Each structure stands twice: as structure tokens, then as C-alpha cells.
Amino acid sequence: MKSVFLSCLLSHLYLLVYSQYTITGQVTDDFGMPLMGANIYIESTYQGAVSDMNGDYSIRNILPGTYMLSVSYIGYEQESQVILLNSDLRVDFTLSKKYILADEVIVTSTRARDKLPVAYTNVTNDEIRERNLGQDIPYVLGMTPSIVTSSDAGAGIGYTNFRIRGTDLNRINITVNGIPLNDAESHGVWWVDLPDFAGSVDNVQIQRGVGTSVNGAAGFGATMNFQTFTLKNSPYAELSSSFGSFRTLKNSISVGSGLINGKFTFDLRLSDIQSDGYIDRAFSDLRSYHFQGAWYTRKSILKVNLFSGKEKTYQAWYGVPSPLLESNRTFNPAGMIINTAGDTSYYDNETDNYTQDHYQILFSYEINKVLLFNSALHYTYGRGYYEEYRQDQALSDYQINDVIYGIDTVTASDLIRQKWLNNDFYGIIWSLRYKEGRVDAFLGGGLNRYDGKHFGRVIWARHAGGSEINHEWYRGTGVKTDAHIYIKLNWQIARDLGIFGDIQYRYIHYMITGIDDDLRNIGQEHDYGFLNPKFGIHYEFSNNHSFFVSFAMANREPNRANFVDADPAHPVPEHETLMDYEVGYKMGLNKLLFEANIYYMDYANQLVLTGEINDVGAPIMTNIPDSYRAGIEIIAGIKPFDRFQWDLNLTLSRNKIIGFTEYVDNWDYWNDPGNEPYQVTNYLGETNLAFSPSVIMGSRFSYEIINNLKISLQSKYVGKQYIDNTSSDNRVLDRYFVNDAVIGYHFNTKPVKEIVLSMMVNNLFNTRYETNAWIYRYYTGGEEYYMDGFFPQAGIHLLGGIMLKF
98 MKSVFLSCLL SHLYLLVYSQ YTITGQVTDD FGMPLMGANI YIESTYQGAV SDMNGDYSIR
158 NILPGTYMLS VSYIGYEQES QVILLNSDLR VDFTLSKKYI LADEVIVTST RARDKLPVAY
218 TNVTNDEIRE RNLGQDIPYV LGMTPSIVTS SDAGAGIGYT NFRIRGTDLN RINITVNGIP
278 LNDAESHGVW WVDLPDFAGS VDNVQIQRGV GTSVNGAAGF GATMNFQTFT LKNSPYAELS
338 SSFGSFRTLK NSISVGSGLI NGKFTFDLRL SDIQSDGYID RAFSDLRSYH FQGAWYTRKS
398 ILKVNLFSGK EKTYQAWYGV PSPLLESNRT FNPAGMIINT AGDTSYYDNE TDNYTQDHYQ
458 ILFSYEINKV LLFNSALHYT YGRGYYEEYR QDQALSDYQI NDVIYGIDTV TASDLIRQKW
518 LNNDFYGIIW SLRYKEGRVD AFLGGGLNRY DGKHFGRVIW ARHAGGSEIN HEWYRGTGVK
578 TDAHIYIKLN WQIARDLGIF GDIQYRYIHY MITGIDDDLR NIGQEHDYGF LNPKFGIHYE
638 FSNNHSFFVS FAMANREPNR ANFVDADPAH PVPEHETLMD YEVGYKMGLN KLLFEANIYY
698 MDYANQLVLT GEINDVGAPI MTNIPDSYRA GIEIIAGIKP FDRFQWDLNL TLSRNKIIGF
758 TEYVDNWDYW NDPGNEPYQV TNYLGETNLA FSPSVIMGSR FSYEIINNLK ISLQSKYVGK
818 QYIDNTSSDN RVLDRYFVND AVIGYHFNTK PVKEIVLSMM VNNLFNTRYE TNAWIYRYYT
878 GGEEYYMDGF FPQAGIHLLG GIMLKF
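Numbering (the working numbering), first residue to last: 98 to 903.
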């Protein structure tokens, strides 16, 4: 019996190894001219190829069976053929030019493509929709490689963020339709300002490492490129609602005209999201809209994009003190008021309020067969404030005179304050693409300006004296001009070998005026000129195996807080420089995908927290001479049979500072400044970079139980993270392993075209874990003490949704 079984097994393996075939062919246009760079792929497998300069392609090692073979090429209609493969086969394609220009051309200058030496991940519209039940972008994209997410309110709605390879969001370049989204002064992105943005996104590309040149600040560890509404030929309407734990409710409506008279379309989305959050009082009240009108011709596209978000959230950014994590994980100190009797209450409007409007005019024009011009005008208007109740505040700190009642002088008061930001960001970006034969080249650039106003108001005080309502106690400005130009060249030297070169020059002028909230004069002016080169080689052993090696440099200027908080007695913070070395390998077989990417990111003058403080006791970021991130990213996928798929990504890394010195405040200094140091210093040598886990793993098992009914188990493992740069095991986020279950079912009916039902069970096994933290340490009486705040995430919780498509 054993011999029979062994014979059957060997026979099966023989068939797998030797019963494999090759598909070859040529891709041409209507005039018989070869199309180089067309993507040919076998649907529901990991196999495909890219046509060479003669339009020829070859896909090898394909198992016998029936397949759908498809080909796509920018500006041409996609073609597909059903093939029966039981021997080597030749399949030629003739592609017809689209009678209108394709939407993809809008983002070609900022995107990586096949045969480029870049580590990147494309996320499709279907993948975005699967998880879009109201949570913010970080959670929609949370299963992509090397990403770690966090939520202040604990449930993925409100203030959320992510890191990629340990790199924080302030160093990640984000663009929408090629237009910079990062705030020009802080470099940050706040997804809460764009509620249900995922409902407008058609696709997104995430580039890890420096990546290719993009508009705005250089990617200092990663870039993320979003493309919103793309062409839908037919009219449509979609009504969706999702609901779940913490009284979460999202309602959205999307409508589109389809292509009218072969020329014009419009699309509109309206969304409203409400949630109480997991953390106490951490509610979110969010609204957004997105409108697009587009005009298509055979050679041009003109788009007008208007989108806006409005948010009101109760503050949850202080975290939970570590002693309360076991007994009161949802504790929120924001808004706490303690009266003279010692009773505690909470101010009901300790909120963050912000509105952000975006206006984009996008234009693409095909000059001829080899030249494509893209340009965009943009304007972003942001304004808002956060409000705080503060007790026993010195009136002089708010430029309010002491209040005299008879013979009594009042020097402090309870008050309510608002800190405002009002800003305008506008500019132009452009690119010219030349594509002929083996050469694909871009010349592009942009000019952007930011005008920001920072000011604070006291809207109420128990002892207001002669101050007026909305008394303003500080005002500062930030004016920043950012210009850049770049050249990219991808040259296919031979069928299997391509080289890539990219160089960007960026100029920044930044001027700060006025006073800050601590009444310090913060006036200063800075100029920078950065040259950011990139070079890489891509080599294909066969259509199933490819390899790349690349080098890229990026420079990043300090942000507003780095300048404003800097100690006047110390040198101005310097710009940071990153040298990024990458080596990648990719294998795509019929049922198996494997990618490995090795990276070494070498930093000079990286700005980190060391514990140092400025002359008024505020923490400052300090340049450290030498630090690095080194690791390997593994991406794999397997489809052993038609209805099952397993996708896995794993990042293993070392993230180090070379020669780190910590600084700890010494409160005894104020009692004996002659003998006590202002801060206690300690040289620690090599330490780990904060919030940089050495292991990140994402896994997704998906199974289609019956037609249109799909279930997936999505798992995330994040290793131990240090919450400061000292590598102390007393200051860590513990490793965690969290699982989500996602169920989706869709069916057709009348009068509704399609009904989509979704359910997501987050944190399926009710894991207790935290994703972010802060700590402040100090000495007093010769003993060390600390204050801290951790950000617990919700236990098991549910989101369910229904979408009606018309």
C-alpha cells in the first residue's frame, strides 16, 4: 500500500514539474507597431510578463489548465482571452487606442512600475473597499508590509497614525493625485481631517525606502501615492451604512453620471461618521464630501477635484498612565477639573476642531505618440483649533494684567483657551514624459507656497480683569516656499536589463515671525538647497525571476517645532540626510509569489528625542550623527486551489543609534542651582531607535466558501518596541499578536443592482495591547521618577455594513 501511495505521489510531482508550458506572443497596436512595456498577466495566478522593445513577451512554467490571459497598456483598451493550455502556446494581442485618454497618466510621474528598482506595494480598489467600514486610512492599509498602526481613541476612528519600517508619518511623503498632502510646516498628515477618504480612493501605491522623486518633501523612509475617482463609463449610485461597537455609525452616498456624450463625467461622495471611541469620552463627529468633474478627449483630460473634511473629536492624546492599564484601561485625563473640595469632573468641550478644504485642477495632454504633459494647480485651506480648560494659570503667561479686588491681588485664574491654526497652501506641479522604444523619461517640478498663522485665544477666565472676550495672547506666522525640479530616466538596455536614474533638486525658503504660546520671540529665517540622486539596476533572469539593486539619497529640513522649540543657546537644528541601499528579488509562479527586499538606511544627523530640553523646559529634537535601519522584507503569496489564498509579509530589522547620550531633568536644580546640574546625562553607547520593532508580520488567509461569500482571517504581529531611545526594558510596548475576521457577501437582485454585506470582527481573541506611548523622567531628592501615557487599543469589537449599488 505504501509503495502504491509513493508511486502516486511521485507521479503527481512529475506532472507538476514536467507538465509545464510556455505562452509567448507579441503585443502591437492597430497599425502593427510593437508596444513595449505592456503588462501581460494570467488572472488568479502570480504569473505575468512585460513586453520588450519588440512587443514580444514570454511566460514560462505554467501548469496545464484553462486560464484568462489579459494585457493592459496605458492609453489602450485592455484585452483578455480565455485559453486552454495543454501545450506551448502563442497568443498575440492587438490593442486599440482608447478613444479618451486614460486616468493612469495623471499619476505616472510619481509611481513606480514594473522593471523599476523600487520596493513598492499597489493596493487596489477592491482591497480598500474590503476594510472600509469607517476606520481611517492607516487601518484600511494596515496589512501592507512593514506598517504599524495606532489609534488615540483605540478603535481606528479619530486621531490615527502609522509608521513604515519604523519611520513616522512626519517623514513619509503623501500625495493625492500627485499633489502634496503633508503639512508644509509640521510635515504631518492628520487622517481625521479627511473622514472616509478611502471612499474616494481608487488605488494607492506605497513605496518603501526613499522611492522615486515625488512632489513636495522627499520621502524620508517611505512614500504613499493616492489616486482618487477614476472613470466609470456607466451611471451609478451607492448607498452604504456601517455600524458597530462604541456606537459607531457611518453613512455614505456616492453617485456618478458615467460618461456623458463620450466626454464629461461627474462623481460625488458625501459621508458622515460618528463614534464614541474605546477611550472615555473620545468621541468623533466627522463629515466629508468629495466632488469631481472631468472632461475627457482622445488626447487630454481636465479634472476639477473638490474635497473637504470637518472633524470634532474629544481629545484623547494624553494616553493612560501605566499604573492604570490593568484597572482602568479607558481612563482619559483630558478635560479633568478638580475643585477645592477634591471632587473630579470633566470639561465637556475639551475638543479638537478642524476643517480642511482641497481644490485641485488636473490637466493631462498627449502632445504626440511619445510626449505626455501633466500639470496641476492646487489650493488647500485649513483652519481650526483645540480647546482646553486649564486651572490655576498665571495671568501673566497670557498677557492679562493681575486683577485687583480691594486689597487682594489675583495673579492666577482658571480659564478656557483655544490654540488656532489657519493656513493656506497653494502651488503648481507639472511633468513631461518622453516614452519611445527603450527609453522612458520624465522631466518635472513644482512650486508651492504655504502661509500659516498660529495664535491663541482665551475665551473665558474666572478672573478676566480688563481683558476682552477672545483675548489673544500670542500670534506667530510661518511662510514657506518650496520649489523642486527632477529628471527621471528608465532605460531598458536589453530585454532583461534596465537601469534607472533619478535626480531631484529642491529649494526651501522658510520664515517664522511672531511669538509662541510661551511668549518667546521665535522670529527666524532659513534657506536650504538639496540634491537628491537615485540610481538602480533591474535584471530579469526570466519572466518568473527578477532582481534589482538601488541607491537613493534624501534630505529633510527640520520642521517648525524643531526650530521653534530649539534652545537659543545651542546651534540651529541641522537638516537630516538618508542614504538608502536596497537589494530586491521577486519570483512569480503559477500558484506562488515570493519577494525579498534587503535594505540598509543610513542616517546622518537624524533628529530624535534625547531628553534634552530648552531654556523654558520644553523637550527638543536633537541631531545625532550616526544611526541606521537595516532589515529584510519578505512578501509571499500562495493559491493552492481556486477558492483559497494566503498572503504573508514579514519584516525583520535592526534599528540602531550609534553613540547615544540620554538627558534626564533634575528638579533639585531649582533648589540648589549652584551645585545641582540642570539635567543628568548618561552615555549609553549603541541603543535601539524608539518605536522600531525588530519583527513585523502580516498574514491574510482568505477563502471563498461559496460563490460571492468570502471570509478572511487577517493577523498582525508586532514585536517589542522601546518608547524612548534608551533601550531600557522598563520602557517598552510589549509585543502583540492581533487577529481580525472579515466576512463579505454580495448578490444581485432587483431593483437593486447589487447588495454587498460586510462584517469585520476586530481583535477576534480580545488581546490586551498598546500601540503607542510617551514618557517623561526626572530626578528629585536624588531619586528617579516618571510620568507616562500609554494608548490601549480596544478588545474584541465589531463593525458591520451594507451597501446598495444601483
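C-beta: ideal position from N, C-alpha, C; glycine also. Computed from a predicted structure; not experimentally measured.
- If you draw a straight line from the Cα of Y547 to the Cα of L403, it comes to about 19 Å.
- F887 is classed as buried because its beta carbon has at least 16 other beta carbons within 10 Å across all chains shown.
- For the stretch 385 to 444, there is no continuous alpha helix (DSSP H) assignment of 4+ residues that stays within its boundaries.
- Taking all protein chains in view, the Cβ of D769 is surrounded by fewer than 16 other Cβ atoms within 10 Å, so the residue is classified as exposed.
- No Cβ-Cβ contact shorter than 8 Å links R157 with T207.
- The beta carbons of S247 and G255 sit about 11 Å from each other, so the pair does not count as a contact at 8 Å.
- In the three-state reduction of the DSSP assignment, W588 falls in the strand class.
- A distance below 7 Å between beta-carbons, with the five flanking residues on each side excluded, links E201 to the following residues of its chain, in chain order: I171.
- Residue A838 holds the alpha-carbon nearest to the alpha-carbon of N863 among D290, A838, K683 and L328.
- In the three-state scheme derived from DSSP, where H, G and I count as helix and E and B as strand, S493 is classed as helix.
- Contact between the stretch 259 to 273 and the stretch 378 to 388 is absent, with fewer than three C-beta pairs closer than 8 Å.
- With contacts defined as CB atoms closer than 8 Å, L786 and N763 fail to qualify as a contacting pair.
- DSSP places N222 in the uninterrupted alpha helix (DSSP H) bounded by N222 to R228.
- Going by C-alpha positions, W527 is about 10 Å away from Y583.
- Only residues of its own chain outside the window of five on either side were considered, and among them Y607 have a CB closer than 6 Å to the CB of H623, listed in chain order.
- Within the same chain, A334 and L365 come within 6 Å of V352 by CB-CB distance, once the 5 residues on both sides are set aside.
- In this structure the stretch 290 to 303 does not lie against the stretch 485 to 503, because fewer than three pairs of beta carbons, one per stretch, are closer than 8 Å.
- Contact between the stretch 143 to 152 and the stretch 218 to 226 is absent, with fewer than three C-beta pairs closer than 8 Å.
- DSSP, reduced to helix, strand and coil, places A558 within a strand of the structure shown.
- For F522, the enclosing beta strand (DSSP E) has its first and last residue at A509 to E533.
- Note on geometry: alpha-carbon atoms of R535 and Q302 lie some 24 Å from one another.
- A distance below 8 Å separates the beta carbons of I808 and Y800.
- F326 counts as buried, since no fewer than 16 other beta carbons sit within 10 angstroms of its beta carbon.
- Between D885 and P418, the CB-CB gap stays under 8 Å.
- CA-to-CA, the gap between E485 and Q412 works out to about 9 Å.
- In the structure shown, W871 falls within a strand segment according to DSSP collapsed to helix, strand and coil.
- K194 has Y173 as its beta-bridge partners, per DSSP.
- Following the DSSP letters along the chain, one finds A693 inside the beta strand (DSSP E) bounded by residues L689 to I710.
- Within the stretch 143 to 171, complete beta strand (DSSP E) segments of at least 3 residues are found at 145 to 147, 153 to 159 and 162 to 169, given in chain order.
- If you ignore the 5 residues before and after P722, its C-beta comes within less than 8 Å of the C-beta of A701, N702, I755 and G756, all in its own chain and listed in chain order.
- A distance below 8 Å separates the beta carbons of K212 and H635.
- Only exposed fits A438, as fewer than 16 other CB atoms lie within 10 angstroms of its CB.
- Relative to V507, the option among A561, V555 and Y482 whose CA is nearest is A561.
- The C-beta separation of Y833 from V815 comes to about 6 Å, placing the pair in contact by the 8 Å criterion.
- Per DSSP, reduced to three states, the secondary structure at G479 is strand.
- DSSP places N267 in the helix class (H, G or I) of the three-state scheme.
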